[in-house]
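Written below as structure tokens is the structure these notes are about.
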Amino acid sequence: MNRYLKLLHLEVARFWKLYLSLFAITLLMQGSGIYYESGKYVSSVQDKMGPAIDTYGKYAAANGVVSFLDILSSANLWFLAPIALSIGALSLYIFFIWYREWTGKNMFIYRLLMLPTERRNMYLAKLSAILLFVLGLVSFQILILPLLQSLYQSVIDPVLRGDAESMMTIVQSHSLLRILIPSNFTEFVLWYGGGAVFVIVLFTAILLERSYRLKGIVAGLIYIGIAILLMAAPYLITNRDNYDYLYPSELFTIEFVIAILIGAMSLLISFILINKKISV
Amino acid sequence: MIELKSVRKKYGRRKVLQDVTFTADKGKITCLIGINGVGKSTVLKAIMGLTPIDSGSILIDGKPVGKHIYEHIAYVPDNITMPPNMSVGDSIQFMKDFYASWNDERAEEMLEFFKLKRVDRIAELSKGNTAKLNLLHGVSLDVDYVLMDEPFSGIDIFSREQIASVFTSKLVEDRGVIITTHEINDIEHLIDEVVLLDNGAVKLQFNCEDMRMEEGKSVMDVMREVYHG
């Protein structure tokens, strides 16, 4: 097995327990939310039933049916909290994946820098691990959506429910899922490519700090600032005087090119730093 | 041969290494001596490419530092360089996975000699056992040179004896060894060459045997002369 894959395997193995915990928390919280809100809905229906409305059928005819999206919306906090937690955990991990190598008296960075392989493999393994973790969590969310829907169906009587929505409808109707799970390739590239470039820029800032310490923090912050400014530049130009100078497709192309350039430049700087400037 | 020529390094304004020049030959044990903070560890880190130098050159068998050197030279820092939650067995597997020069048979021998258990977590090892495992990671590589930073520092007498016995065994025979210490008494009888460092500069390099034969001085005697005038 080549050493990049070995390093990637190592990175995954080191995060595995925490990663499984995120899966478990997501499943438990979202499952509990859907179960609780579905049960609450059934109870509210039962409370409203009386001599005039004595069956679920009559209730549904008078008040309409409920959909999975309605329950999902009621359980919004339960649903969003684990996603926010996962995003938070992975955001912190972008820094921790580097800084933990320098912590404690057993500094693993000594060993990593002395591996008989290109040092960029260590960098690429860390980057791939972060991207893999993000995609893994999103895939897990896609996988458990049908499970959550089944849970909702098991609690609420079919008479009270509308027709089951397709997964696509659920994703497209949810403000956050729509972003997390893009419906076409362009959106996928836009969100996840943009995210990857952002991680690459942060990695460059971290390596600047690890190479030049205090001065590196300033350089890193300036570097992040420049990257954000470059990404925002086409929007700043196009929105000037409230006049659209560029068509959306042109704007997309320009953003795409700028992102590629920032990503390539960041990778180049990172590889130079990791080979020539980094210090244990 | 490991050659350092006019190596300079600064941390901020502090000059840590000032024109450090010396050589260490294969088949010899070279000892870098100096009090704490004179730059001994920095010299070893610079040789291993773990800290950049400001000027000068470092050559290993005529080649500059790069990824290819890590199959030819091993470094045993003053602390173990594996994650604390790794087990002894996992750390050995890690070395085996990454280094083509890993000698599993030798690792097994040392594991038995040091009486280390594969299942123990590194975090739970005593200081002495951690130092032994650290040494095992370095010496089990079939490399031409081994660099060791204070291998006897802060460990019990029995562990010291076991570690010292490694130096007189076939485990380091024919290899070039650079070892740092500020307590020369432990290893005076083991070393061939001495490099005396003071304030980041080389004060003197000499061969122990020649010094004993020609001037009748021990390493301690020379150190007294150099450091205390």
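Taken in sequence, the protein lines are chains A and B.
Just so you know, we're using our numbering here: the first sequence kicks off at 1 and counts up by one.
Just so you know, we're using our numbering here: the second sequence kicks off at 1001 and counts up by one.
We put the CB at the ideal spot given by N, CA and C, even for glycine.
Since we're looking at a predicted model, the values are computed, not measured.
Exposed or buried, E101(A), counting other C-beta atoms within 10 Å across all chains shown (16 or more means buried)?
By the 10 Å Cβ count, E101(A) comes out buried.
According to DSSP, which residues form a beta bridge with Q1205(B)?
Q1205(B) is bridged to V1195(B).
Please report the residue range of the beta strand (DSSP E) in which K1015(B) lies.
Counted as a single uninterrupted DSSP element, the beta strand (DSSP E) harbouring K1015(B) occupies residues R1014 to A1024.
Y1070(B) at chain A interface by Cβ criterion, 9 Å
Taking Cβ atoms only, chain A reaches closer than 9 Å to Y1070(B), which makes this a yes.
Mind checking E1170(B): buried by the 16 CB within 10 Å criterion, or exposed?
The sequence shown places Lys at residue 1170(B), not Glu. With fewer than 16 neighbouring CB atoms inside 10 Å of its own CB, K1170(B) falls in the exposed class.
Measuring alpha carbon to alpha carbon, tell me which of D1210(B), T1180(B) and Y1227(B) ends up nearest G1039(B).
If we check each option's Cα against that of G1039(B), T1180(B) comes out closest.
Using the rule of at least 16 other Cβ atoms within 10 Å of the residue's Cβ for burial, across every protein chain shown, is I1118(B) buried or exposed?
Ile is not the amino acid found at residue 1118(B); the sequence shown has Arg there. Around the beta carbon of R1118(B), fewer than 16 other beta carbons lie within 10 angstroms, which makes this residue exposed.
When A164(A), Y235(A) and S43(A) are compared against P248(A), the one with the closest alpha-carbon
Nearest of A164(A), Y235(A) and S43(A) to P248(A), Cα basis: Y235(A).
Look at the alpha carbon of Y4(A) and the alpha carbon of L112(A), and state the distance between them as a whole number of angstroms.
Straight-line measurement puts the Cα of L112(A) at about 12 Å from the Cα of Y4(A).
CB contact flag (G195(A), V134(A), <9 Å)
By the CB criterion at 9 Å, G195(A) and V134(A) fall inside the cutoff.
I need the straight-line Cα distance from F188(A) to S32(A), nearest angstrom please.
Straight-line Cα distance between these residues: approximately 30 Å.
So that I know if they touch, is there some Cβ in chain B lying closer than 9 Å to that of G216(A)?
The C-beta of G216(A) comes no closer than 9 Å to any C-beta of chain B.
CB contact check: T1081(B) to chain A, cutoff 9 Å
For T1081(B), the answer is yes, since a Cβ of chain A falls inside 9 Å of its Cβ.
Is there a Cβ of chain B sitting closer than 9 Å to that of I109(A), yes or no?
Cβ-Cβ to chain B under 9 Å: yes for I109(A).
Can you find the residues in the same chain that come closer than 7 Å, C-beta to C-beta, to N121(A), ignoring five residues on each side of it along the sequence?
Excluding residues within five positions, the ones whose Cβ falls inside 7 Å are R3, Y4 and L7.
Going by C-alpha distance, which of V1222(B), Y1227(B), A1201(B) and S1218(B) is nearest F1022(B)?
Nearest option by C-alpha distance: A1201(B).
Going along chain B in order, which residues have a C-beta closer than 8 Å to the C-beta of E118(A)?
Going along chain B in sequence order, the residues near E118(A) (Cβ under 8 Å) are K1067.
Are D1025(B) and E1193(B) closer than 9 Å when you measure CB to CB?
A contact, by the Cβ cut-off of 9 Å.
Starting from E1112(B), follow the alpha helix (DSSP H) in both directions and report where the run begins and ends.
According to the DSSP assignment, E1112(B) belongs to the alpha helix (DSSP H) that extends over D1104 to F1113.
Chain A contact for S1057(B) (CB, 9 Å cutoff)
With 9 Å as the cut-off, S1057(B) does not count as an interface residue toward chain A.
Leaving out the 5 sequence neighbours to the left and right, which residues in its chain are closer than 6 Å to L1196(B) when beta-carbon positions are compared?
Excluding sequence neighbours, L1196(B) sits near I1033, K1203, L1204 and V1226.
Which bits of chain A does Y1099(B) rub up against, with CB to CB less than 9 Å?
Per Cβ cutoff of 9 Å: L115 and P116.
In the DSSP output, which residue or residues are listed as bridge partners for A1074(B)?
DSSP lists V1146(B) as partners of A1074(B).
Candidates D1156(B), D1144(B) and R1212(B): closest to I1029(B) by CA position
If you compare the alpha carbons of D1156(B), D1144(B) and R1212(B) with that of I1029(B), the shortest gap goes to D1144(B).
In whole angstroms, give me the CA-to-CA distance for R213(A) and A1046(B).
When rounded, the distance between both Cα atoms is 18 Å.
What residues in its chain sit with their C-beta under 6 Å from that of V1139(B), if we drop five residues either side in the sequence?
Same-chain partners within the cutoff: L1171.
Distance CB(G1056(B))-CB(V1016(B)) smaller than 9 Å
Against a cut-off of 9 Å, the Cβ pair of V1016(B) and G1056(B) comes out as no contact.
Within its chain, find whatever has a CB closer than 8 Å to the CB of K1063(B); leave out the 5 residues flanking it on each side and keep chain order.
I1069.
Using beta-carbon positions only, say whether R1008(B) and I1053(B) come within less than 9 Å of one another.
Yes.
Can you find a CB in chain A that lies within less than 9 Å of the CB of Y1145(B)?
Put simply, the CB of Y1145(B) is far from chain A, with every gap to its CB atoms at 9 Å or more.
Taking only the alpha-carbon atoms, compute the straight-line gap between D1142(B) and H1189(B) and give it to the nearest angstrom.
Within the model, the alpha-carbon separation for D1142(B) versus H1189(B) is close to 25 Å.
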